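To start, the structure under review is shown below, and the notes come after it.
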Amino acid sequence: MKPLIEMHGIFKTYNVGAENELEILHGIDLQVWPGEFVAIVGESGSGKSTLMNIIGVLDKPTAGLYFLDGVDVRTAGRDEMSEVRNKKIGFVFQNFNLIARTTAQRNVELPMLYAGVSAAERQSRATELLRRVGMEQRRFHQPNELSGGQKQRVAIARSLANDPAILLADEPTGALDSQTSRHVMDIFHELHRQGKTIVLITHSQELAAECPRIITLRDGAIVADHRKEAMLHAAF
Ligand code: ADP
Ligand code: MG
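Following my numbering, the numbering of the sequence shown begins with -4 at its first residue and continues without gaps.
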């Protein structure tokens, strides 16, 4: 088995060469294996979203090596990168990022449309994904007719549209009340049980504590990396 995410010495500097140059990530080494459910936790401003953008190939590191499912992101061109991103990664954001005036069903179908999936296949797959997140009954509603929790369920269904290797969620419960957050976390746990690899970025220690592996980021560096199974095994 090889890691899905493999980073060596990742640095990220904003405004390189300018007066306001600022190094945010200071040499991140990270490996995430297929089937892991990893929380990346850290205070606001610790660099979580910066790291997420690099993991998700939305942004490139200033220095360091990053292999996403074996592909060296430095050598990949723009088109290859967006293809890798569409196929390998499903994104879930704090603010849902659903397309307005467009049904839940259509929102989930869109990534498949871009991936060239046939209309019939898109329709049946979107319906199935919405069923998995408990949104089948509301699949013809538009985002403005849905609650925050319902929007996030649709966003999770959309993130799964092209059956990505990794689900990358940045503060997915940040805009939700605690009960709704619970439902969303339960969906992530269920997806993990089904074998999906998940990277969950959160500033909530409480949510992170539910995850089998917890990585703590502080001021742009990994200061802790705990696996629960390892701790359990060590106890025996
Ligand atoms: P977190 O997600 O942990 O709250 P971020 O990764 O968003 O942290 O931000 C880390 C630091 O990087 C912050 O100090 C932020 O101001 C800075 N930062 C983020 N994006 C940019 C940018 N595009 N240009 C300059 N600085 C940025
Ligand atoms: Mg952030």
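Each residue gets a CB set at the ideal place from its N, CA and C atoms; glycine is no exception.
This structure is a prediction, so every number in the text was calculated from the model and none was measured.
Paired residues, beta bridge with residue i - DSSP
i    : result
V36  : T197, T211
E5   : In the sequence on display, residue 5 carries Ile and not Glu. I5 pairs with I23.
D220 : I210
L124 : The partner list for L124 (beta bridge, DSSP) is empty, contrary to what the question assumes.
Residue i CB to nearest heavy atom of the ligand ADP below 8 angstroms
i    : result
N10  : yes
L53  : no
H21  : no
T45  : yes
L162 : no
L141 : no
G59  : no
G85  : no
T169 : One point to set straight first is that residue 169 is Gly, not Thr, in the sequence displayed. No.
G42  : yes
Residue i at chain C interface by Cβ criterion, 9 angstroms
i    : result
S119 : The structure shown contains no chain C; it holds only a single protein chain.
Any non-hydrogen atom of the ligand MG within 8 angstroms of residue i CB
i    : result
S39  : yes
S199 : no
K7   : no
inquiry  = Across the region 93 to 105 and the region 153 to 171, are there enough close Cβ pairs to call them in contact, namely three or more that are closer than 8 angstroms?
reply    = By the Cβ test, the region 93 to 105 is in contact with the region 153 to 171, since at least three Cβ pairs between them sit closer than 8 angstroms.
query = Whole alpha helix (DSSP H) runs in the region 161 to 188 with 4 or more residues, listed along the chain?
reply = Qualifying alpha helix (DSSP H) stretches, in chain order: 173 to 188.
query = Does the region 21 to 39 come close enough to the region 192 to 212 to have 3 or more Cβ pairs within less than 8 angstroms?
reply = Taking 8 angstroms as the limit for Cβ pairs, the verdict is that the region 192 to 212 does touch the region 21 to 39.
ask   = Using 8 angstroms as the threshold, is the region 39 to 46 in touch with the region 99 to 110, meaning 3 or more CB pairs across them?
value = Not touching, per the Cβ criterion.
Three CB pairs or more closer than 8 angstroms across the region 131 to 139 and the region 159 to 166 = Contact between the region 131 to 139 and the region 159 to 166 is absent: fewer than three C-beta pairs spanning the two stretches fall below 8 angstroms.
inquiry  = I want to know whether the region 69 to 81 touches the region 48 to 56 - three or more CB-CB distances under 8 angstroms.
reply    = By the Cβ rule, the region 69 to 81 counts as touching the region 48 to 56, because three or more pairs are nearer than 8 angstroms.
message = Using 8 angstroms as the cut-off, can you tell me whether the region 6 to 22 makes contact with the region 184 to 201, which would need three or more C-beta pairs spanning the two stretches below that distance?
response = Here the region 6 to 22 makes no contact with the region 184 to 201; the two share fewer than three CB pairs at distances below 8 angstroms.
message = Count Cβ pairs between the region 17 to 25 and the region 214 to 224 that sit closer than 8 angstroms; are there 3 or more?
response = Verdict: yes, contact present.
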